[in-house]
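Residue numbers (UniProt numbering): 1 to 361.
For each residue, glycine too, the CB sits at the ideal point set by N, CA and C.
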Amino acid sequence: MATSIPETQNAWVSTKKAYPPSQSLQLRTDWPVKKILKTGEVTVKVHAAGLNPLAWKLMRYLPSWIVKRPWVPESDFSGVVVAAEKSAVLREGDEVYGWIVPGVAFSSKQGALSEYITLPATYLVKRPANISAIEAAGITVTAMFAQLALNEANLSANQTIFINGGSTAVGAWTIQLAKLRGAKVVVSCSKKNEEYVKGLGADEVIDYTSVGPFHTYLAQNPPPTKFHVILDAIGLFDSSLYTKSSTYLHRHGVYLTVGPMPHEFSWGVVPQLLKWTALLSLPWWLTGVRSKAKNVMAANKVEDMEILRGYLEEGMIKPTVDSVYEFADAAEAYDKLVTGRARGKIIVNVSLPPDAGKASV
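See the structure below:
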């Protein structure tokens, strides 16, 4: 029997360019549900949504003339298919997780902080039975980033990767996926998170609170064998970790970043943005740095989503959840997110029973 889908729904929307996120967000009870299915699309009743730093940055900086407000934030979610177009690869009743990519989200004014989403089924995979809906809600964006980053770097067995920000959501996935490849993993995090990252597989941990600037520390204490890959999971705006890396990053190695982004934007940061643009695009003989630098973006690659799903189903990797907030408290969840101190993903429970599936880290 077909599920009854309402005409309107509850949804958090960004109403204006503002910071903190609570100044941008408004809870709407009359947000339209996109019910018309195009070829290959499904409608999903959202169970939970995972928060990503990009969302609050878009709320803060994205002008309304680029994407007209209001729009629903967030990409990551889990849920159940409640309607499916006949050619879609998923059927009604399938428990799923995935993401709504920015292009689809902005063009349709949809996002994960709502009760229903209609999107191509190829942005979703079936949720393994051993992963809760809460855990699944925070998987796709950060896990896909980690997978694509390691593919981009071609990290292989017996190589060494340094992850700046090992306790972040991206860092946690990268540790686990790098270990599956047989690599040695060195990470930075605070002392209180040392056991957490070691539990994920990190071989060595550097307490960033006790060593000063990393480019200085690593230059003075270079690894016995230079790193083959450096992944900045923080998004450092200062480029020194890359530009000063000759003593600790292999000349044929690669420096990957989630994307340099200042926490505060002003005209004073433009020179550094231009410097990063040059470093990421110009040849070494113009930048003076032999190792490559790349800004990695999560992308929708179905084969990689299925690979990750298989790892999850076999228990080879696991999601990490920092905290779970109820739907009414989404603005409070963003308050936690903007501190940059989350250990794993922050999840918003959209439609599950209160306290459902909370996972400890």
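Beta-carbon proximity check, residue i vs residue j, cutoff 8 Å
| i | j | result |
| --- | --- | --- |
| glutamate 74 | leucine 51 | yes |
| leucine 119 | histidine 228 | no |
| valine 82 | valine 125 | no |
| residue 364 | threonine 39 | Any question about residue 364 goes unanswered here, given that the chain covers just 1 to 361. |
| leucine 177 | alanine 11 | no |
| lysine 294 | glutamate 135 | no |
| arginine 251 | proline 128 | no |
| phenylalanine 77 | alanine 49 | yes |
| serine 239 | tryptophan 285 | no |
| threonine 142 | valine 187 | no |
| valine 289 | leucine 280 | no |
| glycine 98 | alanine 105 | no |
| aspartate 30 | leucine 148 | no |
| valine 42 | proline 6 | no |
| proline 231 | threonine 160 | What sits at residue 231 in the sequence shown is leucine, not proline. Going by C-beta atoms, leucine 231 is not nearer than 8 Å to threonine 160. |
| alanine 331 | valine 348 | no |
| glycine 199 | glycine 235 | no |
| arginine 181 | alanine 157 | yes |
| serine 291 | glycine 253 | yes |
Strand pairing of residue i, partner residues [DSSP]
| i | result |
| --- | --- |
| tryptophan 31 | Gln9 |
| valine 229 | Ile161 and Val254 |
| aspartate 207 | Cys189 |
| alanine 84 | Val42 |
| tryptophan 99 | Asp76 |
| proline 120 | Glu41 |
| valine 302 | Partner(s): none; valine 302 has no beta bridge. |
| lysine 57 | Paired residues: none, contrary to the question. |
| valine 125 | Tyr97 |
| alanine 293 | Tyr255 |
| glycine 71 | Residue identity check: residue 71 is tryptophan in the sequence provided, not glycine. Its beta-bridge partners are Ser14. |
| lysine 184 | Thr160 |
| serine 114 | Ala11 |
Per-residue DSSP class, three states only, for residue i
| i | result |
| --- | --- |
| arginine 343 | coil |
| tryptophan 65 | coil |
| glycine 50 | strand |
| glutamine 272 | helix |
| tyrosine 19 | coil |
| asparagine 151 | helix |
| serine 240 | helix |
| serine 323 | strand |
| leucine 37 | coil |
| leucine 25 | strand |
| valine 197 | helix |
| leucine 249 | strand |
| serine 107 | helix |
| valine 348 | strand |
| alanine 146 | helix |
| valine 141 | helix |
| histidine 215 | helix |
| serine 281 | helix |
| glutamate 313 | helix |
| glutamate 92 | coil |
| alanine 328 | helix |
| aspartate 335 | helix |
| residue 363 | In this structure the chain extends from 1 to 361, so residue 363 is not present and cannot be described. |
| isoleucine 234 | coil |
| arginine 356 | In the sequence under discussion, the amino acid at residue 356 is alanine, which differs from the arginine named in the question. It is coil, neither helix nor strand. |
| residue 364 | Missing from the structure shown is residue 364; the chain here goes from 1 to 361 and no further. |
| alanine 202 | coil |
| threonine 3 | coil |
| valine 361 | The pLDDT assigned to valine 361 is 36, lower than 50, so where the model puts this residue is not dependable, and the model offers no usable value. |
Option in the options with minimal Cα separation from residue i
| i | options | result |
| --- | --- | --- |
| serine 351 | Lys35, Ala137 and Met305 | Ala137 |
| valine 46 | Asn158, Ala146, Ile117 and Ser4 | Ile117 |
| leucine 323 | Arg343, Arg251 and Ser167 | Reading off the sequence shown, one finds serine at residue 323, where the question assumed leucine. When only C-alpha atoms are compared, the closest one is Arg343. |
| glutamate 95 | Tyr61, Ala153, Ser190 and Ala121 | Ala121 |
| isoleucine 307 | Met144, Ile163, Ile230 and Asp355 | Met144 |
| alanine 183 | Gly201, Pro224, Ala172 and Ser22 | Gly201 |
| serine 190 | Ile161, Ile346 and Gly165 | Gly165 |
| threonine 216 | Lys292, Lys244 and Asp329 | Lys244 |
| proline 70 | Val80, Gly288, Leu312 and Ala18 | Ala18 |
| arginine 91 | Thr3, Pro102, Trp31 and Lys57 | Thr3 |
| threonine 298 | Leu27, Pro102 and Ile66 | Reading off the sequence shown, one finds alanine at residue 298, where the question assumed threonine. When only C-alpha atoms are compared, the closest one is Pro102. |
| lysine 318 | Lys179, Gln9 and Thr8 | Lys179 |
| lysine 345 | Thr168, Leu27, Ser24 and Val80 | Thr168 |
| glutamine 272 | Phe237, Lys292, Thr247 and Asp207 | Phe237 |
| asparagine 221 | Asp203, Ser246 and Val197 | Ser246 |
| valine 302 | Leu58, Thr8 and Thr140 | Thr140 |
| glycine 340 | Pro224, Ala233 and Val80 | Ala233 |
| alanine 133 | Thr320, Pro213 and Pro224 | Thr320 |
Residue i beta carbon near the ligand GDP (any heavy atom closer than 7 Å)
| i | result |
| --- | --- |
| serine 108 | Among the components modelled here there is no ligand, and therefore nothing to report on the ligand GDP. |
Chain D within 8 Å of residue i, Cβ atoms only
| i | result |
| --- | --- |
| leucine 241 | In the displayed structure, chain D is absent; only one protein chain is listed. |
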